[in-house]
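Each number in our numbering comes from the position in the sequence shown (counting from 1) with 14 added on. Note that beta-carbon positions come from the ideal geometry of N, C-alpha and C, so glycine has one too. Being a predicted model, the structure only gives us computed values, none of them experimental.
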Amino acid sequence: MSPSTSPISVDTANTFFAAVRAELGNGWTLRPDHSPRHPLRAVLRSARGHHVELLGAHDHVVYATAHLPNRERGTFTTIAYKNTPEAYAAAFTWLVTGTLIPAHNALCPVACFQAAMNTALGEREHTTTWEFGTAHTSWALPASGRAQLEARPARVDSSPTEGAASGPALDVSARFNDLSFEQTVALLSVLDLDNDDKRRHAPVFGRPALRLHAAFPSLRGHDVFNWPTLGGRYTLSLSVDHRVHVGIRFPAGVPHFGVKVDGADNVLAAARAL
């Protein structure tokens, strides 16, 4: 009898899968094979990106394969101490939570980054949700504004972008909305903005952009708008490619700033600063 051939019938397999779903809880999808020959074969995926194949069970041994973030597969086994659906389910969920999840997380760049992000935020209240292996984190900023972060695995066929702050295994960006000028300066001051882009020497227009460019000459201006009601031309965006983008808007004529930060190191520094 092969490992994928289970002594459990299709009927009792339903009891097994119900017990597994109850143990793992929300955030997991479980797709049984529904095969009479292999009633305990299934594929499990979690919102955090975990991918597990249940291969079956035989003589109290449960077999499973984990698809790891480094694109390798690890095959694992565990023992069920009774030949019942409930015992097999308990053994399998113990294998998933105690071995397969930690093995995945140790190799997962998003999970490792999120742990560093939680440390950077410290005691500040924040919420994190996961979807298909991508983490979304949101937190309120002091005085005003809100930050929203997205950390996702990079595309398999991607390669490091010249000048980018994050490596090819991870794509990280964060948006800091409705900032004051002082908050914007505090954020930009902790980022790595060094570059040799000749376009940074181009003129910028309007007092908000002029003040930012004077404080951070590495920024280049673009998106110039002629605004007669505010007295002339205004630069509405300043940026360093692949690192930061500052947008300026004028609700009721008052400048408000939004900053998008790219790269894991820069995002962590920005989170600590605000």
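What does the Cβ neighbour count give for residue i, buried or exposed, with the cut at 16 atoms within 10 Å?
| i | result |
| --- | --- |
| T143 | exposed |
| V110 | buried |
| A157 | exposed |
| A154 | exposed |
| S49 | exposed |
| T106 | With the sequence shown as reference, residue 106 is identified as Phe, and Thr is not the correct amino acid for it. With 16 or more Cβ atoms within 10 Å of its Cβ, F106 is classed as buried. |
| S203 | exposed |
| R214 | buried |
In three-state DSSP terms, what is residue i?
| i | result |
| --- | --- |
| Y77 | strand |
| L155 | coil |
| K96 | coil |
| V273 | strand |
| E37 | helix |
| H259 | strand |
| G216 | Sequence check: residue 216 is Ala here, not Gly. Residue state, collapsed to three classes: coil. |
| L44 | strand |
| A101 | helix |
| V268 | coil |
| H118 | helix |
| V254 | strand |
Quickly, what does DSSP pair residue i with across the bridge? List them, please.
| i | result |
| --- | --- |
| Y248 | F239 |
| G88 | A80 |
| V199 | BP columns for V199 are empty, so no partner. |
Cα separation between residue i and residue j?
| i | j | result |
| --- | --- | --- |
| V275 | V75 | 49 Å |
| D185 | R257 | 12 Å |
| R45 | Q128 | 28 Å |
| G63 | L38 | 14 Å |
| D73 | T91 | 12 Å |
| S187 | R51 | 47 Å |
| G70 | R85 | 22 Å |
| G277 | P167 | 12 Å |
| Y102 | N119 | 24 Å |
What are the boundary residues of the beta strand (DSSP E) that includes residue i?
| i | result |
| --- | --- |
| N280 | N280 -> not in any beta strand (DSSP E); alpha helix (DSSP H) instead, spanning A278 to A287. |
| A165 | R160 to P167 |
| H140 | H140 to E145 |
| A61 | Unbroken run through A61: none, as it is neither H nor E. |
Would you give the residue range spanned by the alpha helix (DSSP H) that residue i belongs to?
| i | result |
| --- | --- |
| A225 | Residue 225 is actually Arg in this sequence, not Ala. Unbroken alpha helix (DSSP H) run through R225: R221 to A229. |
| N191 | Segment L184 to L193 is the beta strand (DSSP E) holding N191; no alpha helix (DSSP H) there. |
| T133 | P123 to L135 |
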